[in-house]
Amino acid sequence: MKYLTTTFLILLIIISSSCDRRAQENATNFQSTNQDIEIKSEVDEYIESPEDNSASKDSIMEAENKSQDEVVNSQFQNEQSNADTLEVPEHSGWNWWMVGAISSILMNIILALLLKKTITSKEHYKKRKKHYKNELHRLEIALKEATRNKSPSISKRQPIRRESKENPPVQKAIEKKPTFDDEKPVEVPLSIHSTTRVVESEVSKPVILFAEKASDDKIFSSVTDQKNEHRSVFKLILDDAAAEKAEFEVADSDYILKMAVNSPDTYLYPVCKPENSNQNYSGEIITTKRGVAHKVDGKWKVNEEDKATIKFQ
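Read in order, the letters of the sequence shown correspond to residues -23 to -1, 1 to 290 in mature numbering (1 follows the signal peptide of the UniProt record, and there is no 0).
See the structure below:
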């Protein structure tokens, strides 16, 4: 825009100078014409008055000669002045107008080129912007597809299974019993020939339970021994069925984990402490430190200091 304004001002200056030069030449020609008319008028008056004396005739002739000399001198000076500025004096006005016209054409060409360059630059930047926008959209779609197709990871932490190798009969009795009853203890057949060591305590397998999200009071809801792929968020590990304390970690469930990542304050943070932001999630939540839940009035509750530690990755 700055270049266009400068070019327009230069064009106005050139046209103004051309007009001033033409006006001066017209004024000079008009003055010479007036002098010629005055001389002719005096000559006509002299011809129409034959009774004028010879002195009057001489004065008129002298004035006519003087006027003609002045006109000749004026024309000579004008021609000499025009010769200094132009190669062809008789066409000085025409040359100045030609200079103005050529300058005007050149300026218009420059203006057109600048305007075309500006429009071309804007179109170029628009195309580049559209290209980058489409490329960004394509990358976002590819990232979503890669995240969706990622196979669910296998949890690295497995429950610890305690096996008694010192008392084979006791181990067989435990394996035969499919479930545990809180009120009925496990019956273990003991005999003198079975083992020489006195069994001091019962040996049992760990019990795995699954729970949905915890409430704001840090109490797990819907604790069952069956995993629900669409609702189970946590896995509880008990030493035995009668245990009043259980360790817990985040369950491996692809569907519910996506919901938990989108709303961690509702599903995770009441009983978990994060090591990083949920923005780092790419398909897996690792329990770096198991939490501890206590059974209170038949419900599993977590204290603030017993929260689990998780990491998004």
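Think of the CB as a built atom: it goes at the ideal place given N, C-alpha and C, for glycine as much as any other residue.
- Nearest to R208 by alpha-carbon distance, out of K190, T97, E122, is K190.
- In the three-state scheme derived from DSSP, where H, G and I count as helix and E and B as strand, V200 is classed as coil.
- A223: member of the beta strand (DSSP E) spanning 222 to 227, first to last residue.
- Shown here, H207 sits in coil according to DSSP, grouped into three states, outside any helix or strand.
- For G260, the three-state secondary structure derived from DSSP is coil.
- In the three-state reduction of the DSSP assignment, A119 falls in the helix class.
- Between A219 and V200, the CB-CB gap reaches or exceeds 8 angstroms.
- Looking at the DSSP output, L186 sits in a beta bridge with L213.
- Residue pairing by DSSP leaves W74 without any beta bridge partner.
- P251 sits in a strand when the DSSP states are folded into three classes.
- If you look at A285, you'll find it in the beta strand (DSSP E) that goes 285 to 289.
- DSSP lists no beta-bridge partner residue for K110.
- Here K266 is bridged, per DSSP, to T286.
- Taken atom to atom, the span from the alpha-carbon of Y109 to that of N255 is near 28 angstroms.
- When the Cα atoms are used, D242 and K107 turn out to be separated by approximately 38 angstroms.
- Per DSSP, K278 is not a residue of any alpha helix (DSSP H); the beta strand (DSSP E) it occupies stretches across 276 to 279.
- Under the three-state reduction of DSSP output, K99 falls in the helix class.
- C-alpha of K284 to C-alpha of R267: approximately 8 angstroms in a straight line.
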